[in-house]
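Input: a single structure, listed below in structure tokens.
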Amino acid sequence: MQQLSSLGTPAERRALLTQIAPRAPFQMPLMTAVPFSALRGLGRLPRRDTSVSNEERGWQGPVPAHLLPEDAIVLFLSHRWLQPGNPDDEEGTKYKQIMKLMELIAEELGGDRFTDRLYLWADYCCIDQSNPFPGVQMLPSYIACCEEFAYVKHPEYDARAWCRTEQFMHWRLRCHKRKWCLDGESVQEEPPARCADPATGELYCEEDRVALVNMTSMFDDSP
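All letters in the sequence shown, in the order written, are residues 4 to 226 by the working numbering.
In structure tokens, the structure reads:
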């Protein structure tokens with residue numbers, strides 16, 4: 004992780020991660036991302052599941068990091084899932100929020116010319132949901148390999164342990180100078196900031212707490 008975060012750009016970090024993953028003594032799922040244009044076409048948040056075919060999934064799957072264009076802007080999304088097993092609801096609330104978030108960030112970055120460069124990293128879309136643990140363990144690396152970090156405001160967001168973990172990693176890795184927050188119909192730019200202790204946050208599955216604590220304990224918590 005230290006070797007990865009010491010590199011200058013997220014694109015360089017993605018390249019290194021792609022190189023070291025096949026030689027790692029443990030499973031390191033390659034980073035992937037979903038093009039903004041593909042999300043628009045799908046009209047929903049796609050689930051990544053390598054246990055079924057593309058036809059069964061209804062989409063071709065996310066783009067591997069080594070196939071991303073050189074000028075790609077990958078956005079790491081931190082969000083509170085709206086129901087167990089699915090981050091969205093029947094009305095597609097989360098999907099609409101993500102589309103609004105990406106549209107607003109593209110505007111902030113410079114307008115329509117940035118839209119085609121935007122890619123989304125979101126757990127549901129980019130971590131294999133049929134075997135999520137290896138991908139979850141890679142969260143610090145995935146955050147470091149993204150150009151931008153954003154979260155969707157929700158009344159319960161700050162209380163959730165995994166949301167706190169992602170915010171803690173963003174703050175502790177020091178790979179970004181800002182983060183974006185979608186609050187209703189507007190997006191605000193915020194500085195990285197320390198959050199409440201991830202270990203005391205709320206979880207759907209209490210067994211996750213050990214993995215969460217192990218992950219955050221890799222870093223000393225000095226600012």
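Glycine is no exception: its CB is placed at the ideal position from the N, C-alpha and C atoms.
Beta-carbon proximity list for residue i, same chain, < 6 angstroms, skipping 5 on both sides
i, result
"F79", "W124, I146, C149, F152"
"F222", "R175"
"M105", "F39, L121"
"H157", "R83"
"Y207", "P87"
beta-carbon residue i near the ligand FAD non-hydrogen atom, thresh 7 angstroms
i, result
"Q100", "You won't find the ligand FAD in this model; it holds no ligand whatsoever."
Where residue i sits in the DSSP three-state scheme
i, result
"S189", "strand"
"E205", "strand"
"E151", "strand"
"T12", "coil"
"K182", "strand"
"Q86", "strand"
"P49", "coil"
"R167", "helix"
"V37", "strand"
"V66", "strand"
"R60", "helix"
"A24", "helix"
"R43", "helix"
"L71", "coil"
Spatial neighbours of residue i in its chain, beta-carbon cut-off 8 angstroms, leaving aside the 5 residues before and after
i, result
"L1", "No answer is possible for residue 1: the residues shown for the chain start at 4 and end at 226."
"A109", "F39, D115, F117, T118, L121"
"D161", "R167, C198, A199"
"A24", "M31, P32, L33"
CB of residue i within 8 angstroms of CB of residue j, strictly
i, j, result
"P201", "T219", "yes"
"C129", "F171", "no"
"G64", "N57", "yes"
"D91", "L48", "yes"
"K97", "H82", "yes"
"D52", "D131", "yes"
"R60", "Y127", "no"
"Q86", "L185", "no"
"E193", "R163", "no"
"L107", "V190", "yes"
"A36", "V66", "yes"
"A14", "E94", "no"
"E159", "L142", "no"
"W165", "L112", "no"
Residues near residue i in its chain [Cβ-Cβ closer than 7 angstroms; skip 5 each side]
i, result
"H173", "I146, F152, H179, K182, P195"
"A75", "R120, Y122"
"S133", "D52, T53, S54"
"G138", "P32, I130, D131"
According to DSSP, residues forming a beta bridge with residue i
i, result
"F79", "W124, F152"
"P32", "Note: P32 sits in no beta bridge, so no partner."
"P143", "Bridge partners of P143: none, in fact."
Taking only runs that begin and end inside the stretch 97-136, name each unbroken alpha helix (DSSP H) of 4 or more residues, in chain order. 126-129
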